[in-house]
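**Q** In this note's numbering, the protein residues as written are 274 to 497.
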Amino acid sequence: MRVLGVDPGLTRCGVGVVDGAAGRALRMVAVGVVRTPSDAPTPERLLLIERGIEEWLDVQRPEAVAVERVFSQHNVRTVMGTAQASAVAILCAARRGLPVALHTPSEVKAAVTGSGRADKAQVGAMVTRLLRLDALPRPADAADALALAICHLWRAPAQDRLLRARAAGAPARAATAARAAAPGVRRTARPADRGAAGQGAPRAGRAGQDRPEPRDREIRRDPA
């Protein structure tokens with residue numbers, strides 16, 4: 274499977290392509306960065322990113338695209354630019370019908386190093402080792418893109434199994450819900466049923482209850 278990893282950024286958008294599969298050797302196909310001038314208007318920079326990613330998709334022909342999930346930061350301007358670049362990458366993949374996966378930084382670190390709290394140096398060292406590279410690609414955005422591709426290659430099988438399990442369980446859940454909502458399934462107790470259960474039936478056991486009251490007897494007096 275060939276995956277294009279995208280580390281979104283407005284100034285530098287890291288891109289890396291990796292071939293491989295879970296349990297098999299990985300191979301780096303290509304790595305690089307799509308750059309935009311910092312003094313250019315944002316619409317123009319996004320257009321440059323789109324053209325750059327489209328070129329990578331044309332040349333490398335990936336089967337899936339993995340993009341880093343954007344989290345909020347204290348610098349709103351920075352996170353907005355990152356989110357916009359991420360949206361461009363997702364759009365380019367969706368236009369071609371390619372599956373897109375979003376991975377958090379912690380997921381990438383855990384997949385590559387085994388710890389979600391690993392630092393950049395540890396992630397870079399493992400990327401170099403896993404791909405059997407002589408040196409870590411620079412800048413860091415390019416190395417992060419490779420880490421994203423590796424993460425998806427190793428996590429995709431488990432995610433596919435989970436999706437298939439959910440899809441297989443959906444018809445059963447729908448059938449159960451339909452039966453529960455069907456008329457007559459949730460019956461209300463009929464009078465006879467309530468009587469059998471002791472509801473609405475005449476109570477017995479207390480003296481004088483539920484018995485016809487005796488008529489007054491005539492009192493006869495003997496004549497004096």
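We treat Cβ as the ideally placed atom computed from N, Cα and C, and that holds for glycine.
With burial defined as no fewer than 16 other Cβ atoms inside 10 Å of the residue's Cβ, what is the status of A480: buried or exposed?
**A** Any reading at A480 must be qualified, since the residue scores a pLDDT of 49, below 50, and its modelled position is unreliable; no value is offered.
**Q** What's the C-alpha gap between A429 and R308?
**A** 29 Å
**Q** With H, G and I counted as helix, E and B as strand and the rest as coil, what does DSSP make of M301?
**A** Taken through DSSP and simplified to helix, strand or coil, M301 comes out as strand.
**Q** Determine the direct distance from the alpha carbon of T449 to that of D331, and round the result to whole angstroms.
**A** 46 Å
**Q** Does the Cβ of P410 have 16 or more other Cβ atoms within 10 Å, making it buried, or fewer, making it exposed?
**A** buried
**Q** CB-CB under 6 Å to T401, same chain, minus the five flanking residues each way: which ones, in chain order?
**A** L409
**Q** Can you say whether A295 is buried or exposed, counting buried as having 16 or more other CB atoms within 10 angstroms of its CB?
**A** exposed
**Q** Which one or two residues does DSSP pair with A337 in a beta bridge?
**A** The secondary-structure analysis by DSSP pairs A337 across a beta bridge with V276.
**Q** Just to confirm the assignment, what range does the beta strand (DSSP E) spanning A408 have?
**A** Here A408 belongs to no beta strand (DSSP E), and DSSP marks it neither H nor E.
**Q** If you follow the beta strand (DSSP E) that A374 is in, where does it begin and where does it stop?
**A** 373-376
**Q** On a Cα-Cα basis, can you pick out the residue from Q357, R334, E336, A337 that is closest to F344?
**A** Q357
**Q** Under the three-state reduction of DSSP, which class applies to D417: helix, strand or coil?
**A** helix
**Q** For C286, write down the residues that DSSP places opposite it in a beta bridge.
**A** V307
**Q** Measure the Cβ-Cβ separation of V279 and I423 and say whether it is below 8 Å.
**A** no
**Q** Three-state secondary structure (DSSP) at V343?
**A** coil
**Q** Which residue from G282, E323, V276, A441 puts its Cα closest to that of T355?
**A** G282
**Q** Buried or exposed: T386, going by 16 or more other Cβ atoms within 10 Å of its Cβ?
**A** buried
**Q** Can you tell which of P372, S388, R446, V396 has the C-alpha that lies nearest to the C-alpha of V276?
**A** P372
**Q** DSSP three-state label for D331, please.
**A** helix
**Q** Distance check for G289 and I363, CA to CA, integer angstroms please.
**A** 15 Å
**Q** Based on Cα-Cα distance, which residue from G397, V306, A339 lies nearest to H376?
**A** For the set G397, V306, A339, the Cα lying nearest the Cα of H376 is the one of A339.
**Q** Assign E336 to buried or exposed, taking buried as 16 or more other Cβ atoms, counted over all protein chains shown, within 10 Å of its Cβ.
**A** The residue is exposed, with fewer than 16 neighbouring Cβ atoms inside 10 Å.
**Q** Please go through the same chain and pick out, in chain order, the residues whose beta-carbon is closer than 7 Å to the beta-carbon of R460, but skip the five residues on each side of it.
**A** Unreliable positioning characterises R460 in this predicted model, as indicated by a pLDDT of 49, which lies under 50. The coordinate reading is nonetheless provided below. No residues qualify anywhere along the chain.
**Q** Decide if P314 is buried, meaning its Cβ has at least 16 other Cβ atoms within 10 Å, or exposed.
**A** exposed
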